[in-house]
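Report on the structure given below.
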Amino acid sequence: MFLIKKSFYSIFLNSIPIVILFFLVFTGFDLSIATVEFVSFNFVYIILFFYILKKPESLGYGLIFFSGIVNDIVLGLPIGISSIDFLILSGIASYFRNLTLRPSLLLDWMAFFPSILIVNSIHYYIIKIIFEMDLSYFFLIMNCVFTFLAYPIFAILINIFNLKKLRNQNV
Amino acid sequence: METNRDDFVIAIRSAFLRKGAKQKFSLFVLILISVALLSLEFFHIKPLNTFRALTKDFIYRSSFIINLPFQSISKSIEEVQNHFEMYREYGTLKKTIKNTSAIENEIKFYKAENRELKKIIEEESNLIDEILVSKVLIDKKSPFLKSIIINKGFNFGIEKGMAVLDGFYMIGRITEVNYLSSRALLISDLNSKIPVMIEPSGAKAIMSGTGKNYAILDFLPKNQKLENDNIVYTSGSDGIFSAGIPIGKIKLFEKKYRVEFFSDLSQINFIKVKLKKEKNSNVFN
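Residue numbers (numbering that gives the first Met the number 0), protein chains in the order written: chain Z, 0 to 170; chain R, 0 to 284.
Okay, structure coming up:
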């Protein structure tokens, strides 16, 4: 009974990144702060970059692709655009993982900024040039900056959570 | 130097082309599938519309269910805030109610007069407006997107372009219709462009959303002077909306005209969709 309970618990803990990812895309959660209009974060980017960099086995590319489709439908974007964003970000994170010998939070953080800039540039060009929709460049840049600033906070929190998870599994 | 270039190529190849232990597709294949989906969306391939509508319905409903606990929390917070504001509003409402009844009578007179005048110039529309009340399933308040998902689709006769009202006030238009749900783009969204008329001057312009809680006026005639609290109505010149639906009032801010909406777009639970139906003419019976 104890073993079943333990394995169920470990499956639950391992699937947490997937649960968070799908929760974020289904709710379209961006934590826009009501009083300051231009403050918003893209948590999906943080989750994807962090987990692909640190624990790539916890998020499958198929699921990332599917979460992009859901995100597009919920946000009313042309279907496929978020999948491209998410997959390219995953690719960049995976590339950095292959290159990095000694990972550190600071290096990850520095790599995160150009990555989201590349992804958001692609997003902006597809929306503006191909689909001829309006998108505020200012909001997008502010979103990039605040997502970048939020990364270390969430990375530390996820690291603490992962350490606790490891301890529980060892017990 | 050559080794560095090789490292770079190997890292790129490994990131985009290699499949992980549990992965069925490589990143590159999935990106290609996404591009294919995006091009289907770009070319609006019709045979896929039914599938697209069903998928969207399913995802909207799932999103609504996942959002339920958070919606109830935010609703209870709003209710508490509303209670605090209630007493302050009570005083101002008491004053406005006195004026409203007088204005209402005046409007009734103008409506009757308008109907008579239309008969005279034989321009009475052969369309009548029918109102459909609908519930808001998902309410997006992101700075990038101001839209709502409602729980009625083309099974209730909703069509693209129909006006969406909050009470008597225009708040958006239908931009996407599925079987059981529809998306309405709010007037505050960056992509919202609505032909409007400003009273009492009668000036016409295009009202563009800004992504914030006000809109701006484009194509306003040069040297056109407006005053604070002038009312903005739909002009109906696009042939999609009826004319005369109130939207908001003019506020002059830093020498530019802004339209402040009558409705609070962040607090919408139920909306009305203006359906257009042809009048049953009994002329030949």
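For each residue, glycine too, the CB sits at the ideal point set by N, CA and C.
Residues that DSSP places opposite residue i in a beta bridge
i             : result
residue 213/R : 259/R
residue 165/R : 168/R
residue 247/R : 231/R and 260/R
residue 273/R : 130/R
residue 138/R : 147/R
residue 226/R : Residue 226/R pairs with nothing; no bridge assigned.
residue 176/R : 181/R
residue 252/R : 255/R
Start-to-end residues for the alpha helix (DSSP H) that takes in residue i
i            : result
residue 97/R : 48 to 119
residue 83/Z : 80 to 98
residue 26/R : 26 to 42
residue 61/Z : 60 to 74
Proximal residues of chain R, C-beta to C-beta of residue i below 7 Å
i             : result
residue 132/Z : 190
residue 44/Z  : Chain R residues near residue 44/Z: none, gap ~14 Å exceeds 7 Å.
residue 86/Z  : 26, 29, 30 and 33
residue 144/Z : The contacting residues do not exist; residue 144/Z stays about 13 Å from chain R at best.
residue 60/Z  : 22, 24, 26 and 29
residue 80/Z  : 37
residue 117/Z : Simply none; closest approach about 13 Å.
residue 152/Z : Result: empty, since nearest Cβ-Cβ is about 21 Å, beyond 7 Å.
Residue interval of the beta strand (DSSP E) (run including residue i)
i             : result
residue 161/R : Counting along the chain, residue 161/R falls outside any beta strand (DSSP E), and DSSP gives it neither H nor E.
residue 232/R : 230 to 233
residue 113/Z : Per DSSP, residue 113/Z belongs to no beta strand (DSSP E); it is in the alpha helix (DSSP H), 104 to 124.
residue 14/Z  : Residue 14/Z -> no beta strand (DSSP E), and no H or E assigned at all.
residue 184/R : 181 to 185
residue 46/Z  : Note, residue 46/Z: premise wrong, no beta strand (DSSP E); alpha helix (DSSP H) at 42 to 53.
residue 56/Z  : Element bounds for residue 56/Z: n/a, residue is neither H nor E.
residue 241/R : Unbroken run through residue 241/R: none, as it is neither H nor E.
residue 198/R : 192 to 198
residue 203/R : 202 to 208
residue 145/R : 144 to 149
Residues that residue i contacts on chain Z, provided the C-beta gap is smaller than 8 Å
i            : result
residue 10/R : 94, 97 and 98
residue 53/R : Result: empty, since nearest Cβ-Cβ is about 11 Å, beyond 8 Å.
Residues of its chain near residue i, where Cβ-Cβ distance is below 6 Å and the 5 sequence neighbours each way are ignored
i             : result
residue 92/R  : none
residue 246/R : 169 and 231
residue 223/R : 202
residue 51/Z  : 89, 92 and 93
residue 279/R : Residue confidence for residue 279/R is low, a pLDDT of 49 falling below 50, so the modelled location carries little weight; the figure read from the coordinates is stated next. There are no such residues.
8 Å CB neighbourhood of residue i in its chain, flanking five on each side removed
i             : result
residue 137/R : 59, 62, 63, 66, 147 and 148
residue 200/R : 223, 224, 225 and 229
Interface partners of residue i on chain R, CB under 8 Å
i             : result
residue 124/Z : By Cβ distance, chain R contributes nothing, its closest Cβ being about 12 Å from residue 124/Z, past 8 Å.
residue 18/Z  : Chain R residues near residue 18/Z: none, gap ~11 Å exceeds 8 Å.
Cross-chain neighbours of residue i in chain Z, by beta carbon under 9 Å
i             : result
residue 81/R  : What residue 81/R touches in chain Z: nothing, since even the nearest Cβ is about 15 Å away.
residue 65/R  : 21, 22, 25 and 26
residue 146/R : 74 and 75
residue 193/R : Chain Z residues near residue 193/R: none, gap ~14 Å exceeds 9 Å.
residue 198/R : Neighbours of residue 198/R on chain Z: none; closest Cβ ~28 Å, over 9 Å.
residue 182/R : 75
residue 61/R  : 25 and 69
Chain-ordered neighbours of residue i on chain Z, where CB pairs are closer than 7 Å
i             : result
residue 14/R  : 90, 93, 94 and 97
residue 210/R : 135 and 138
residue 40/R  : 77, 78 and 79
Contact set for residue i: own chain, Cβ-Cβ below 7 Å, skip 5 residues either direction
i             : result
residue 159/R : 173, 174 and 176
residue 132/R : 269 and 271
residue 151/Z : 104 and 108
residue 27/R  : 15 and 16
residue 259/R : 213, 247, 248 and 250
residue 13/Z  : 57
residue 184/R : 146, 171, 172, 174, 190 and 191
residue 112/Z : 147
residue 273/R : 128, 130, 161, 162, 164 and 241
Test: residue i CB closer than 8 Å to a CB of chain A
i             : result
residue 103/Z : The chain labelled as chain A is not found among the protein chains of the depicted structure, namely Z and R.
Proximal residues of chain R, C-beta to C-beta of residue i below 9 Å
i            : result
residue 15/Z : Under the 9 Å cutoff, chain R gives no residues; its nearest Cβ is about 16 Å from residue 15/Z.
residue 48/Z : The premise fails here: residue 48/Z is roughly 13 Å from chain R at the closest Cβ pair, so nothing lies under 9 Å.
Any non-hydrogen atom of the ligand NAD closer than 7 Å to residue i Cβ
i             : result
residue 102/R : The ligand NAD is absent from the structure shown, which contains no ligand whatsoever.
Quiz prompt | Contact the region 237 to 255 of chain R vs the region 173 to 183 of chain R: 3+ CB pairs below 8 Å | solution = no
Quiz item: Taking one C-beta from the region 65 to 85 of chain R and one from the region 85 to 100 of chain Z each time, how about it: are there three or more such pairs within less than 8 Å?
Solution: no
Quiz prompt | Cβ contact check for the region 114 to 123 of chain Z and the region 190 to 199 of chain R: 3 or more pairs under 8 Å | solution = no
Quiz item: Is there contact between the region 59 to 71 of chain Z and the region 159 to 166 of chain Z, where contact requires at least three CB pairs shorter than 8 Å?
Solution: no
Quiz item: Below 8 Å, can you find three or more Cβ-Cβ pairs linking the region 73 to 91 of chain Z to the region 8 to 18 of chain Z?
Solution: no
Exercise. State whether the region 80 to 91 of chain Z contacts the region 44 to 56 of chain R, with contact taken as three or more CB pairs (one from each stretch) at a distance under 8 Å.
Key: no
Self-check item: Meets three-Cβ-pair contact criterion under 8 Å: the region 95 to 104 of chain R and the region 211 to 221 of chain R
Solution: no
Quiz item: For the 8 Å Cβ check, are there 3 or more pairs between the region 112 to 122 of chain R and the region 35 to 54 of chain Z?
Solution: no
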